[in-house]
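Novice: From first to last, the protein sequence lines are chains A and B. Each residue of the first sequence is one higher than the last, beginning at 0 in numbering that gives the first Met the number 0. Each residue of the second sequence is one higher than the last, beginning at 0 in numbering that gives the first Met the number 0. Mind having a look at this structure? Questions to follow.
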Amino acid sequence: MRAWALLACGLLLAACGVDGHVGARFRAERDLFRANQMYRDASIRPSLVKDADWRELAARYQGLTDRYSASLGATSPTTAEQELQTISAGALFAAARIFGSLQDSTQVLEIFGRLEREFGHMAAVAGEVALARAGIAEGRHDAESAIRYYQTVVDRVEPDPQDAGVAGAVLDLPLRIARLRANGHPEDAKDVYLQARRYYEDKVASHPGTLIQIDARTRLAEIAADLGDWRASTRSLRQVEADLRVQDPPPRDPAVIRYYIAGSMSRGDAPKDSLEQALESVLADYPQSDAAIQARGSLADLALVSGQIDEAIAHLDRLRADHPTNEEVGSQALLRKARALEGVDARWGEALEAYRAVAVEHPITEAALRAPLEIAAHYGRVGDETAVTAALDRAEKDYRGFVQRYPPGPRSFFARERLVQVLMLREQYDQAVQEMLQLGEDLSKTPQGPQLFVAAAQVAFTQLADTSRAITILDRAGGLYANADVGKWATGEAARLKGLRKP
Amino acid sequence: MSPILPLGVALRAWQSSASLLFRSAIWLPFLLMAGIQALALGLLLGFHHDLLLPVGAPLVEMLAGREAMHYPVLYLALPMMFAKVNLGINVLVASLASGVATVLFARAFGSANVGSAWRAAFRSWPVLIVLAALSIALVLGVSYLTSLVPEETRSGSRGVRWGVRALSLLLFVLVQSMLAYTTAWVVLRGQSIWPALRDSVRVAFRTFLPTFIVVGIPALLLYPFSYAVGRVEWIASKFRPEMVSALIGVQLFFELVATFVVVGAITRLFLWRMGAAR
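As structure tokens, then:
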């Protein structure tokens, strides 16, 4: 009996200590998990999901926030309450992401406003919103607003290079701000970089032996390079490399830093020999790193710039030999070899062979899809119209064959973009417009979508002199992106063209 | 002795037990146990509801830590949490329920010298609790023995993995077979802990193969459920986390039916052995 009484007392005491928000947090996590699962399912083939379904999912996320944020109080929240706030804010971000992919900037900005109003007291949320707003402002070339938002992030969020969210991006921002300011006032470059330099120097001093110190020192090197002081930049980077080499495992690849040193030297107009030595040292000291691939490529570029074609080709051949199973590296090296040979009049035969080899040896790569157009471009440059026609014929056949052979995906879309280029070069504008429209529909949820519609309307208007078709295309773009700037512009342009058509 | 004979005896015992499947009075103790298990499972699953939170949250935290109060961690920890709670239920409630059921089965099989089932079981409850705790301690000991096989050895070979599982199941069935008659000795013959243990082992040895078959076959049939419950992370990621609770629910239902049949069959074997001894 006594044991039961003790158990009851124990449970009663435990019950008194229960945080009332634990239950709501669990339910919010459950609802968010389910919504995320729906988002993941829809993201497998986003083009097959209707806009209405995406909006329904966004509403689901917003509903989650409505349901759980109502019970939150602002004063001294418990751990569960803080987590509930994070979940609610995260759900709103997810909704904003969906509206962003639907190009609905009105809804995105509305959600950002709500986030600032309801969750602005949370530094991470305020930082995320400011970062997103800065990105939008940069997209609109509004540097002043972008700087203001970036500064908000820097002021409110402590940097954490290992964080996947806003804290992971903070360390980049003072430099970004300085570059934006320097773009506007190149004459005051030294002054505008001063604030950033102070920020990074403070981080270097206050975070000894941490990743923050390493990353801050890397940014100091970038500042020095931006100001043309490549000696100071190289000094900073050498210090970073030394710091990284004593750590096991190093938090950043020291090979990349060594490669940056070469980059910094090249920006500082260092002598070619020193530059070569720096790049060779990456190959010698870090042969297994991806930076070694870039270093070998840069050595080839350096040789090309100095007119040493054979040396450049030797580097590119070595690149292919060292990475026989890496399709991207092999195809790019072969394409660059073809371009290098094309520059020498007497070696066009070898260049043509290399261009054709790209498609044969690495058929499903971007390089292979670029090669046919580059062959045609060469004949265009030398004024051989017959060869241009034959090369474009062959390129069109190749692209159509590729699109038929492979399922829709990034490579197939890339091939279709090249096909549009070929059709334009062949002055088959009607087919080009058709292809652009089909591609625009397939890529409607990507930034290329609106660009393709606008380009199709321009071709219809300027090359085909078909105002009605241009209006139809612009109306379609206006409907698809009604809440985005491009959609509003398309609707206005369609109205303008309709006005022009009236007698 | 021909292996057909023990199998025939085991089949007859099951048959006798199964013939009583529709006697509602015998189901009562089993339903009591199932009801308490369902309540415990419901409390763990619904701890986040405002009404249950004061009791559910401390319980979940006590069984699996603070992390288990998050979704979907709760479902990943559920089999472990429920197994812990079930240990308590087995010691406190299942011991009483099996005592009541043994008396009810004995009466249904025509054993004259048994009085009120509930009164007899309540009278012997403390002894039954000790015996149930002992049985659980032995089963946990068996699990501990199999856990001594190094993880690298197990993960390196499929054969070793399944060998360890088979050995674990075999030892479990052996322990259960040896202790199968303790409840009957206590509630039907009024014995105390030590004599009940001694005589249960004696009867189990004399009726070894039929007892081993009666206990072992249901354990083997139920094994896929415990195997699946052990793979909660895969189930939760492949389907939905809630599938874990559904799986435990189904497992409880089949365990309920199996327990009914096994308790009935063991009582039948016990009475048969006692009759033969006379």
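Glycine included, every Cβ here is placed at the ideal spot set by N, Cα and C.
How about Val281 (chain A): is its C-beta nearer than 9 angstroms to some C-beta of chain B?
Specialist: Not one chain B Cβ lies under 9 angstroms of Val281 (chain A).
Novice: Mind listing the chain A neighbours of Ala56 (chain B)? Cutoff is C-beta to C-beta under 7 angstroms, in chain order.
Specialist: In chain order: Val17 and Val21.
Novice: Identify which residue in A:Arg266, A:Ala269, A:Ala299 and A:Gln194 has its Cα closest to the Cα of Leu282 (chain A).
Specialist: It is A:Ala299.
Novice: Is the Cβ of Glu28 (chain A) closer than 9 angstroms to any Cβ of chain B?
Specialist: So, interface residue.
Novice: Spatial neighbours of Thr105 (chain A) within its chain, please: C-beta separation below 6 angstroms, excluding the five flanking residues on both sides.
Specialist: Result list for Thr105 (chain A): Asn482, in chain order.
Novice: Is it right to say Phe32 (chain A) is buried, meaning 16 or more other beta carbons lie within 10 angstroms of its own, or is it exposed?
Specialist: Exposed: under 16 other Cβ atoms inside 10 Å.
Novice: Can you have a look at Lys202 (chain A) and say buried or exposed, based on whether 16 or more other CB atoms are within 10 angstroms of its CB?
Specialist: Buried: at least 16 other Cβ atoms inside 10 Å.
Novice: Please decide whether Pro240 (chain B) counts as near chain A, where near means a Cβ-Cβ distance under 9 angstroms.
Specialist: Yes, its Cβ sits closer than 9 angstroms to a Cβ of chain A.
Novice: Tell me which same chain residues have a C-beta within less than 7 angstroms of the C-beta of Ala367 (chain A), skipping the five on either side of it?
Specialist: These residues qualify, in order along the chain: Ser330, Val357, Ala358 and His361.
Novice: I'd like the span of the alpha helix (DSSP H) that includes Arg113 (chain A), first residue to last.
Specialist: Unbroken alpha helix (DSSP H) run through Arg113 (chain A): Ser104 to Phe118.
Novice: Identify, in the order they occur along the chain, each residue of the same chain with its Cβ nearer than 6 angstroms to the Cβ of Met32 (chain B), setting aside the five sequence neighbours on each side.
Specialist: Hits under 6 angstroms: Val92, Ala93 and Ala96.
Novice: Tell me whether Asn35 (chain A) sits in a helix, a strand or coil according to DSSP, three-state version.
Specialist: Here Asn35 (chain A) sits in helix by DSSP.
Novice: Using a cut-off of 9 angstroms between C-beta atoms, extract the partners of Ala98 (chain A) located in chain B.
Specialist: Note on identity: in this sequence residue 98 (chain A) is Phe, with Ala being the wrong assignment. Under the 9 angstroms cutoff, chain B gives no residues; its nearest Cβ is about 26 angstroms from Phe98 (chain A).
Novice: Exposed or buried, what is Ile242 (chain A) when buried is set at 16 or more other beta-carbons lying within 10 Å of its beta-carbon?
Specialist: Correcting the residue type first, residue 242 (chain A) is Asp in the shown sequence and not Ile. Asp242 (chain A) should be labelled buried.
Novice: Measure the CB-CB distance between Ala188 (chain A) and Ala195 (chain A) and report whether it falls below 9 angstroms.
Specialist: Not closer than 9 angstroms, so no.
Novice: Go ahead and label Leu50 (chain B) buried or exposed: buried means 16 or more other beta carbons lie within 10 angstroms of its beta carbon, across all protein chains shown.
Specialist: With fewer than 16 Cβ atoms within 10 Å of its Cβ, Leu50 (chain B) is classed as exposed.
Novice: Roughly how many whole angstroms lie between the Cα atoms of Asp397 (chain A) and Lys336 (chain A)?
Specialist: So the alpha carbons of these two residues sit roughly 21 angstroms apart.
Novice: In this structure, how does DSSP classify Ala345 (chain A) when only helix, strand and coil are distinguished?
Specialist: Three-state result, Ala345 (chain A): helix.
Novice: Who are the neighbours of Met68 (chain B) on chain D, taking C-beta pairs under 7 angstroms?
Specialist: Included in the structure are the protein chains A and B, with no chain D among them.
Novice: Would you please verify whether the beta carbon of Phe32 (chain A) is less than 9 angstroms from any beta carbon of chain B?
Specialist: Judged by the 9 angstroms Cβ criterion, Phe32 (chain A) is in contact with chain B.
Novice: CB Tyr199 (chain A) to CB Ala224 (chain A), shorter than 9 angstroms?
Specialist: No.
Novice: Provide the residue span of the alpha helix (DSSP H) that contains Ala390 (chain A), from first to last.
Specialist: Run containing Ala390 (chain A): Glu384 to Arg404, per the alpha helix (DSSP H) assignment.
Novice: Beta-carbon of Phe171 (chain B) versus every beta-carbon of chain A: anything under 9 angstroms?
Specialist: So, not an interface residue.
Novice: Please list, in chain order, all residues of the same chain as Ala276 (chain B) whose beta carbon is under 6 angstroms from its beta carbon, the five residues on each side excluded.
Specialist: In this prediction, Ala276 (chain B) scores a pLDDT of 48, lower than 50, which makes its location untrustworthy; the coordinate-derived value is nonetheless stated afterwards. Taken in chain order, the list of residues that qualify is empty.
Novice: Under 9 angstroms, do Pro506 (chain A) and Ile211 (chain A) count as touching if we go by C-beta distance?
Specialist: Given that chain A is displayed from residue 0 to residue 502, the structure contains no residue 506 (chain A) and the question cannot be resolved.
Novice: Roughly how many angstroms separate the alpha carbons of Tyr148 (chain A) and Asp484 (chain A), rounded to a whole number?
Specialist: Approximately 21 angstroms, taken between the alpha carbons.
Novice: Report yes or no: do the stretch 169-185 of chain B and the stretch 147-157 of chain B share at least 3 C-beta pairs separated by less than 8 angstroms?
Specialist: Because the criterion of three Cβ pairs below 8 angstroms is not met, the stretch 169-185 of chain B and the stretch 147-157 of chain B do not touch.
Novice: Nearest-angstrom Cα distance between Ala375 (chain A) and Arg495 (chain A)?
Specialist: If I take the Cα positions, the gap works out to 38 angstroms.
Novice: Is the distance from the Cβ of Leu127 (chain B) to the Cβ of Thr145 (chain B) below 9 angstroms?
Specialist: Not closer than 9 angstroms, so no.
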